[in-house]
Structures are given as C-alpha cells and as structure tokens.
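Residue numbers (our numbering): 878 to 957.
Glycine residues also receive a C-beta, built at the ideal position from the N, C-alpha and C atoms.
One structure below.
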Ligand SMILES: [Zn+2]
C-alpha cells in the first residue's frame, strides 16, 4: 500500500534546516538568498516559515518578561 505522504523535495529539506537561522538573522547573506529565492516559489515553505515565526514570536513573548524582571532587579540592586 502506498503512503499518501509526500516526500519533501531536497530543496525544501535544505531550506527547512536554514529557516530557524534565517529567522534569527544568523544566516549569512548567501544562505538568506537561497531561502528567499526558494520561498518565492514554494508555498509549503512559506507557510512553514510563517508557523515558525509565530512560534518564535510566542517564545520571545514568554521569555521577555523574565528578562525584563531580571534587568529591573539588577538595576534596583545596583542603585542601592
Ligand atoms: Zn519548499
């Protein structure tokens, strides 16, 4: 019985590995170019990037209050 699951194309697999670095801005320009070129022609990866971006944004939102609290605490103790 054949599976319904689509095998991702090699380009999608390669770009998929680059997307988190791409979102973090840690990808060199050559890598960003590869990602952006592929995103222009691949809706699956564009959608995956959007989902990844939403997850990263949610994580940052969760992490931020703690970082702010720590920063405020540090400032308060340094002032005294
Ligand atoms: Zn793709």
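Backbone secondary structure at residue 904 - three-state DSSP
Here residue 904 corresponds to residue number 27 of the chain shown, with the count starting at 1. Residue 904: coil per DSSP, three-state reduction.
inquiry  = Let me check you understand the geometry: is the CB of residue 892 closer than 7 Å to at least one non-hydrogen atom of ligand 1?
reply    = As a first step, residue 892 is located in the chain shown; it is residue number 15 there, counting from the start. Correct: residue 892 has its Cβ closer than 7 Å to ligand 1.
Quick check on residue 1008: buried or exposed, where buried means 16 or more other Cβ atoms within 10 Å of its Cβ? The chain is shown from 878 up to 957; residue 1008 falls before or after that span and cannot be answered.
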